Amino acid sequence: MPELPEVENLRLSLLPALVGARLNRLVVYHPDVLINPGELDPVGHICLDIQRRGKYLRLCFDNDLVMEVHLRMTGHLLLRLDESILPPSYPHSEHIHVGYEWEKDGRAFLLLYQDTRRFGRIELISHTDLDARSTGSGNLGPEPFADECNADYLCRRAVRHSRMPLKSFLLDQNVIAGLGNIYVDEILFAARLNPLRPAAELTVDEAERIVSHMRRILKLAIAAKGTTFRDYVDGHNLKGSFQEQLFVYGRGGEPCRICGTTLANARIGGRNTVYCPTCQPGTGAVQESP
DNA sequence: AGACACCTGTAT
DNA sequence: ATACAGGTGTCT
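Each residue of the first sequence is one higher than the one before, counting from -13 in this note's numbering.
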């Protein structure tokens, strides 16, 4: 479900309630979603901050412990500020797998982890181990807004992949952290680049277009509180509105909003991909920038 | 680089 | 009944 803008918006929606709150109890209804249960225990500790790295959300506690959440496709973190005690079990139909009981300023409230497909994972790890490891979130590429995430960097990474299509290249979290199926399609459309173009052919000018449109689109999407195409909501159960500004994602077969050409669907790296055959020609022919 | 696995809900 | 879904990890 969530890509960088959705995870960032979720982070912002949870910050006011969680920062400074103490975790009184953690109830696990479905242990499979926890990566390393036991050993490290956040109960009794204060949440000092919530950070984001790519699509990972990190709740940082006062004992060097980090609870790292990846929502994958259908994960949700939902605040229940008007409830304070978890029922002994949740109905299966609600897909609640973890319940958090918090307390702050004398008020108790709940945070629920809900995940229909149960692809999401929650990992408890010490901050020290988090910084040291080179797997999972330790193996991510730069953040899209980091200085190092520039055209030179993209070109240097791209030449390593002789025939990989641009679509797959930008989806690779080791190249850039946080892009997913929606935003890669939108970025390539705005940059007028065909998603099937081999990444290795990327020119500096094209890479600069990718970087500038990526940052522009991600900022717009965060400002719109994310894209709710199917079921994304923030911690207050509120939907985003960026779906109203999409040019290509989910619009295969419909007319291009720029030129009217019927948008094409393609299967690239197992992911459905929508692009405009006119605005994003496959030949690599030079187009004027939008 | 691609197929499959992990799950459940929804649309055709 | 079948295909598909804001993702990623693990096999060929």
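Ideal Cβ positions, reconstructed from N, Cα and C, are used throughout, including at glycine. This structure is a prediction, so every number in the text was calculated from the model and none was measured.
For residue 34, count the other beta carbons within 10 Å of its own beta carbon; 16 or more makes it buried, fewer makes it exposed. Which is it?
For the purposes of this step, residue 34 is identified with residue 48 of the first sequence, where counting begins at 1. Residue 34 comes out exposed.
Only counting the same chain, and skipping five residues up and downstream in sequence, which positions put a Cβ closer than 7 angstroms to that of residue 81?
Indexing the first sequence from 1 puts residue 81 at position 95. Cβ within range, chain order: 100, 101 and 102.
Hey, how far is the Cα of residue 143 from the Cα of residue 190?
One-based indexing of the first sequence puts residue 143 at position 157. One-based indexing of the first sequence puts residue 190 at position 204. For residue 143 and residue 190, the distance between alpha carbons rounds to 12 angstroms.
Could you spell out where the beta strand (DSSP E) holding residue 144 opens and where it closes?
Residue mapping note: residue 144 aligns to position 158 of the first sequence, counting from 1. Here residue 144 belongs to no beta strand (DSSP E); instead the alpha helix (DSSP H) covers 137 to 144.
Identified DSSP bridge partners for residue 62
Numbered from its first residue, the first sequence carries residue 62 at position 76. Looking at the DSSP assignment, residue 62 forms a beta bridge with 100.
With a cut-off of 8 angstroms, do at least 3 Cβ pairs link the segment 181 to 200 to the segment 217 to 234?
no
Residues near residue 69 by beta carbon distance below 6 angstroms, same chain, minus five either side
Start at 1 with the first residue of the first sequence, and residue 69 comes out as number 83. Excluding positions up to five away in sequence, the list reads 96.
For residue 227 and residue -11, the rounded distance between their alpha carbons
Here residue -11 corresponds to residue number 3 of the first sequence, with the count starting at 1. Here residue 227 corresponds to residue number 241 of the first sequence, with the count starting at 1. Computed Cα separation, rounded: 14 angstroms.
Could you give the residue range of the beta strand (DSSP E) that holds residue 7?
Translated into the one-based positions of the first sequence, residue 7 becomes position 21. From DSSP, residue 7 is part of no beta strand (DSSP E); its letter is neither H nor E.
Count the other C-beta atoms from every protein chain shown that fall within 10 angstroms of the C-beta of residue 156, then say buried if there are 16 or more, exposed otherwise.
To locate residue 156, count along the first sequence from 1; it is residue 170. It is buried - the Cβ of residue 156 has at least 16 other Cβ atoms within 10 Å.
Report all residues from its chain with a CB closer than 8 angstroms to the CB of residue 58; omit the five preceding and five following residues, and keep chain order.
Translated into positions along the first sequence, residue 58 becomes position 72. Cβ within range, chain order: -13, 101, 103, 105, 106 and 107.
Who are the Cβ neighbours of residue 48 in its own chain at under 6 angstroms, not counting the five residues just before and after it?
For the purposes of this step, residue 48 is taken as residue 62 along the first sequence, with counting starting at 1. 31, 32 and 34.
If we ignore side chains and look at the alpha-carbon of each, how far apart do residue 271 and residue 252 end up?
The residue labelled residue 271 in the question sits at position 285 within the first sequence. The residue labelled residue 252 in the question sits at position 266 within the first sequence. For residue 271, the pLDDT reaches just 37, beneath the cut-off of 50, and the residue's location in the model is therefore unreliable, although a value from the coordinates is still provided. One C-alpha to the other measures close to 20 angstroms.
Go through the segment 62 to 131 residue by residue and report every complete run of the beta strand (DSSP E) that reaches 3 residues or more, in order.
82 to 90, 93 to 101 and 107 to 112
Can residue 135 and residue 168 be called in contact, C-beta distance under 8 angstroms?
As a working mapping, residue 135 is identified with position 149 in the first sequence. As a working mapping, residue 168 is identified with position 182 in the first sequence. No, they are not a contact pair.
Beta-carbon proximity of residue 130 to residue 182, cut-off 8 angstroms:
In the first sequence, the residue the question calls residue 130 occupies position 144. In the first sequence, the residue the question calls residue 182 occupies position 196. No; because the gap between Cβ atoms is not below 8 angstroms, this pair is not in contact.
Could you tell me the alpha carbon to alpha carbon distance between residue 78 and residue 87, rounded to whole angstroms?
The residue you call residue 78 lines up with position 92 of the first sequence. The residue you call residue 87 lines up with position 101 of the first sequence. When rounded, the distance between both Cα atoms is 20 angstroms.
Name the residue from 209, 41, 63 and 149 whose alpha carbon lies nearest to the alpha carbon of residue 127.
Position 141 of the first sequence, counted from the start, is the residue given in the question as residue 127. Out of 209, 41, 63 and 149, 41 has the C-alpha closest to the C-alpha of residue 127.
Whole-angstrom distance between residue 3 and residue 255, CA atom to CA atom
By 1-based counting over the first sequence, the position of residue 255 is 269. By 1-based counting over the first sequence, the position of residue 3 is 17. Cα to Cα, the separation comes out at about 39 angstroms.
Return helix, strand or coil for residue 147, following the three-state DSSP convention.
For the purposes of this step, residue 147 is taken as residue 161 along the first sequence, with counting starting at 1. Correct three-state label for residue 147: coil.
Could you name the residues of the same chain whose beta carbon sits closer than 8 angstroms to that of residue 15, not counting the 5 residues immediately before and after it, in chain order?
The residue labelled residue 15 in the question sits at position 29 within the first sequence. Correct list, in chain order: 75, 76, 82, 83, 84 and 85.
Would you mind reading off the limits of the beta strand (DSSP E) that contains residue 53?
Translated into the one-based positions of the first sequence, residue 53 becomes position 67. Here the beta strand (DSSP E) through residue 53 covers 51 to 56.
Is the Cβ-Cβ distance between residue 239 and residue 232 less than 8 angstroms?
Indexing the first sequence from 1 puts residue 239 at position 253. Indexing the first sequence from 1 puts residue 232 at position 246. No, these two residues do not count as a Cβ contact at 8 angstroms.
Taking the alpha carbon of residue 71 as the point to measure from, which residue in 123, 25 and 9 has its own alpha carbon closest?
Taking the first sequence and counting its residues from 1, one reaches residue 71 at position 85. Nearest option by C-alpha distance: 9.
Only counting the same chain, and skipping five residues up and downstream in sequence, which positions put a Cβ closer than 6 angstroms to that of residue 269?
Looking up residue 269 in the first sequence gives position 283. With a pLDDT of 47 at residue 269, under the threshold of 50, the modelled position of this residue cannot be trusted; read the value that follows with caution. Nothing meets the Cβ criterion.
C-alpha distance - residue 18 paired with residue 262, whole-angstrom precision
Stepping through the first sequence from its first residue, residue 18 is reached at position 32. Stepping through the first sequence from its first residue, residue 262 is reached at position 276. Taking the straight line from one Cα to the other gives about 41 angstroms.
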